[in-house]
Amino acid sequence: DNPQEYHDVNVVGTENIFKLGKKNQFRVVYASSSSVYGHKKNMPIKEDAKREPINPYGQTKLDDEYLFDKYSKDGAEIIGLRYFNIFGIGQTLQYAGVITKFLDRIRQGKPPIIFGKGQQIRDFVHVEDVALANILAMKNPKANFLLNVGTGEAMTILQLADMMIKISGLKTEPVFERPLEGDIEKSQADITLVKELLNWEPREKLSEWLKEIL
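Residue numbering for the sequence shown follows our numbering, beginning at 1364 and increasing consecutively.
Written out as structure tokens, the structure is:
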């Protein structure tokens, strides 16, 4: 709904940081996104997959990657991390995280709302694992590359809803509404490269975290 605001924050703001990084010779680790890939049939997605975003947010993240190319070739030290679907304590309802929204409904004793048939595939990665990837990227001897940050595992939104309902003990079924515009069908990370370059791998299991939370 607000493509210009997204551009001003995600593209102009990111370029400002890249400029400062180059000028003052500090490394920049920034948040890219799995949304740069758009719809992909082959899973898991590798970093060299064609980038075809399907919504304005994804386009801003791709524009950032073009800036990454430009500034890294011009002497800046940059690492871009393509986050997949992050979850964890502190995520607000303003952010469109499906786990947070499902949790809010379940805590009210209401059924989760699924947009579409729930066959969308997602790769959920815990915020503490993502934070660790950022720290390792800052400390890494080399820079100027883009990496997926996910788990390499995936589930459908319907599987997620069913799992959360089961763990909560709520006697209900998900409610289905019309699909959201600009919603990616499949998203699952190939994490071979991030394991190799950062010696990183995810540790927090979604199912265990949900049992703790619910």
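In this text, a Cβ means the ideal position worked out from N, Cα and C, and glycines have one as well.
In this structure, the alpha-carbon of E1567 lies about 11 Å from that of I1449. Runs of the beta strand (DSSP E) spanning 3 or more residues and lying entirely within the stretch 1426-1475 occur at 1441-1446, 1448-1450, in chain order.
Following the DSSP letters along the chain, one finds S1570 inside the alpha helix (DSSP H) bounded by residues 1569-1576. The stretch 1427-1443 makes contact with the stretch 1372-1382: 3 or more CB pairs, one atom from each, lie closer than 8 Å. If you keep only unbroken beta strand (DSSP E) runs of at least 3 residues inside the stretch 1372-1407, you get 1391-1396. Nearest in C-alpha terms to S1531, of all of F1487, V1538, R1470, N1503, is R1470. Residue pairing by DSSP puts R1485 in a beta bridge opposite M1518. Distance from L1573 to M1501 at the Cβ level is roughly 30 Å; contact not present, criterion being Cβ atoms closer than 8 Å. In the three-state reduction of the DSSP assignment, K1534 falls in the coil class, being assigned neither a helical nor a strand state. In terms of Cβ geometry, Q1483 and I1547 form a close pair [threshold 9 Å].
About 16 Å separates the beta carbons of N1497 and L1556, which is beyond the 8 Å limit, so they are not a contact pair. Counting C-beta pairs closer than 8 Å gives fewer than three between the stretch 1397-1414 and the stretch 1460-1467, which falls short of the contact rule. In the structure shown, L1509 adopts extended strand secondary structure according to DSSP, grouped into three states. Counted as a single uninterrupted DSSP element, the alpha helix (DSSP H) harbouring K1502 occupies residues 1490-1502.
In the structure shown, the three-state DSSP call for E1548 is coil.
In this structure, V1538 is the residue among V1538, E1491, S1435 with its C-alpha nearest to the C-alpha of I1477.
Within the model, the alpha-carbon separation for D1492 versus E1564 is close to 8 Å. Where P1366 is concerned, the enclosing alpha helix (DSSP H) starts and stops at 1366-1370. Counting along the chain, no alpha helix (DSSP H) covers K1409, and no H or E run does either.
Taking G1451 as reference, the option from V1488, L1533, L1543 with the minimal CA-CA separation is V1488.
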